[in-house]
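Below is one structure, written out as structure tokens; the observations come after it.
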Amino acid sequence: MLQRRTILAAAAGLFFFALGPARAAEPVSANDTARFLAGMAPAPESPLAALTKDGSWQQHARSFDAAFERLDRGQLARIRAWSAANITTPRPSLFYFFSGPDFLYANAFYPNAKTYVLAGLEPVGTVPDLTTLRGSLAPNLYHMHASISSLLSHTFFITHRMKSDLRVGRINGTLPILYVFLARSGKTVKEATLVRLDDQGAVQPDVDGARGNPTRGVKIVFAGSDGEDRTLYYFSTNLADDGVRNSNFLKFCETLAPGDGLVKSASYLLHSGSFSKVREFLLANSAAMVQDDSGIPLRFYDRKKWDLQPFGRYLGPIGVFPGRYQHEYAGVFRNSHAIDFGIGYRWRPNESNLLLAVKKPGEAAGE
Numbered sequence: 004m005l006q007r008r009t010i011l012a013a014a015a016g017l018f019f020f021a022l023g024p025a026r027a028a029e030p031v032s033a034n035d036t037a038r039f040l041a042g043m044a045p046a047p048e049s050p051l052a053a054l055t056k057d058g059s060w061q062q063h064a065r066s067f068d069a070a071f072e073r074l075d076r077g078q079l080a081r082i083r084a085w086s087a088a089n090i091t092t093p094r095p096s097l098f099y100f101f102s103g104p105d106f107l108y109a110n111a112f113y114p115n116a117k118t119y120v121l122a123g124l125e126p127v128g129t130v131p132d133l134t135t136l137r138g139s140l141a142p143n144l145y146h147m148h149a150s151i152s153s154l155l156s157h158t159f160f161i162t163h164r165m166k167s168d169l170r171v172g173r174i175n176g177t178l179p180i181l182y183v184f185l186a187r188s189g190k191t192v193k194e195a196t197l198v199r200l201d202d203q204g205a206v207q208p209d210v211d212g213a214r215g216n217p218t219r220g221v222k223i224v225f226a227g228s229d230g231e232d233r234t235l236y237y238f239s240t241n242l243a244d245d246g247v248r249n250s251n252f253l254k255f256c257e258t259l260a261p262g263d264g265l266v267k268s269a270s271y272l273l274h275s276g277s278f279s280k281v282r283e284f285l286l287a288n289s290a291a292m293v294q295d296d297s298g299i300p301l302r303f304y305d306r307k308k309w310d311l312q313p314f315g316r317y318l319g320p321i322g323v324f325p326g327r328y329q330h331e332y333a334g335v336f337r338n339s340h341a342i343d344f345g346i347g348y349r350w351r352p353n354e355s356n357l358l359l360a361v362k363k364p365g366e367a368a369g370e
């Protein structure tokens, strides 16, 4: 199992392959671990290379190849094109709350961010010594696949289903999913460290015996095709007012502000008075917000400070979220621009809405 102090190089020294008594165990790199979980071949010399001959892994790889190809063609490539055309001055930091482990859409909307901050209730979890799963790969890969199937098909996680799937099997929590999404986004995972936030909101290694009930997460350093190091943080934390009051999570986020914000498929929680602190943080510390109608209600955007650019169609919430219809939102979307992709709970392209809210010059924090 992963040590609490660090998962540097995917728990180098814990991931090994038995090469015989005459040779020392070879560590498995974080990147090879990510690629293997994503159904992509690890380096030929990796201890995991032998496991790619397993029929269950080969089926897993074929299934992921097809699923991610469909997703990129029908969704992510179109979002990247939309982003390039419309998000003209992205900030180095992205705040994506209520995200779960959804790096895919964070990267599609903001491919050039230097630091990504994702947060949700889902636990960080662990990646076991994959070489010990010989003979039991099939069920472990199945549960991981099941946990992300709704995102691959419908652009969002089904929370209760993911919560269940993330707790089954030895490949559990959000970390393996983050590895999959990083690898399938063409990133090279360099290292990952389990972390916690101290009383000042500073990131510390997560060690056994930490005082209190600290906010825990993972810090992943990765590189894209340009070779530049970037950082992804995922924190398992309660984003309701009583949760952030005790977590120091927003103190940490303040050190990265001003940034940009992304909210989608957020169960309309930001419509509630119980989530006012994260709503106020995003409005105060984001230079631009990309959201569907489950994000910040329109009434909280001061039109003197924000330019609102609507895209797609606003048809109101789906049936499981009654009482969240916004007449003001409908008015803004009467003069919207077309989009060729789906997003949010109304994931079909001709039913989706997307709002780009950009702070007017001089209004962004830090200006």
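When we follow the working numbering, the leftmost residue of the sequence shown carries the number 4, and every step to the right adds one. Every residue gets a Cβ at the ideal spot worked out from N, C-alpha and C, and that includes glycine.
What does the alpha-carbon distance come out to for the pair residue i and residue j?
i: L358; j: V198; result: 33 Å
i: L54; j: F101; result: 35 Å
i: N175; j: G204; result: 26 Å
i: S139; j: G103; result: 27 Å
i: K190; j: E354; result: 32 Å
i: W350; j: L107; result: 16 Å
i: K117; j: D229; result: 12 Å
i: V206; j: V293; result: 27 Å
i: F184; j: Y145; result: 16 Å
i: A69; j: N288; result: 39 Å
i: K308; j: A243; result: 26 Å
i: P325; j: Y271; result: 10 Å
i: R302; j: R173; result: 45 Å
i: P114; j: H63; result: 27 Å
i: A141; j: A149; result: 12 Å
i: M147; j: F71; result: 15 Å
i: K362; j: P300; result: 16 Å
i: I346; j: N356; result: 7 Å
i: V281; j: Y119; result: 16 Å
i: A25; j: W60; result: Unreliable placement is indicated for A25, whose pLDDT of 35 sits below 50; the coordinate value is still reported in the next sentence. Their backbone Cα atoms lie some 29 Å apart in a straight line.
i: E231; j: S86; result: 20 Å
i: T129; j: G123; result: 16 Å
i: R73; j: E48; result: 30 Å
Are residue i and residue j closer than 8 Å when you measure CB to CB?
i: G220; j: V266; result: no
i: Y317; j: A333; result: yes
i: R187; j: A41; result: yes
i: A195; j: I151; result: no
i: L121; j: A109; result: yes
i: S339; j: G319; result: no
i: V192; j: A33; result: yes
i: D310; j: A290; result: no
i: F278; j: L200; result: no
i: F225; j: F238; result: no
i: S96; j: L273; result: no
i: R81; j: D343; result: yes
i: P364; j: V335; result: no
i: L133; j: L235; result: no
i: L285; j: F39; result: no
Which residues bound the alpha helix (DSSP H) around residue i?
i: I180; result: L178 to R187
i: S228; result: Segment: none, S228 is in no alpha helix (DSSP H) and carries neither H nor E.
i: Q62; result: G58 to L74
i: G246; result: D244 to S250
i: L40; result: A33 to L40
i: N175; result: It is not in any alpha helix (DSSP H) - N175 carries neither H nor E in the DSSP assignment.
i: S49; result: Run containing S49: none; DSSP gives neither H nor E here.
i: N89; result: A80 to N89
Is residue i buried or exposed, if buried means 16 or more other CB atoms sit within 10 Å of its CB?
i: Q78; result: buried
i: A37; result: buried
i: A46; result: exposed
i: Y328; result: exposed
i: V210; result: exposed
i: R94; result: buried
i: A84; result: exposed
i: A269; result: buried
i: T177; result: buried
i: T91; result: exposed
i: E125; result: buried
i: V31; result: buried
i: T240; result: buried
i: G58; result: exposed
i: V323; result: exposed
Could you check where the beta strand (DSSP E) with residue i kicks off and where it finishes?
i: F324; result: Unbroken run through F324: none, as it is neither H nor E.
i: S199; result: This sequence places Arg at residue 199; Ser is not what is there. Note, R199: beta strand (DSSP E), T191 to L200.
i: V210; result: Element bounds for V210: n/a, residue is neither H nor E.
i: F101; result: No beta strand (DSSP E) contains F101, which DSSP labels as neither H nor E.
i: A122; result: T118 to G123
Item to check | Those runs of the beta strand (DSSP E) which lie wholly inside the region 130-154 and span at least 3 residues | outcome: none
Next on the checklist: Which runs of the beta strand (DSSP E) at least 3 residues long sit entirely within the region 267-309? Give them in chain order.
Outcome noted: 289-294
Item to check | Complete beta strand (DSSP E) runs within the region 329-366 (minimum length 3 residues, chain order) | outcome: 356-362
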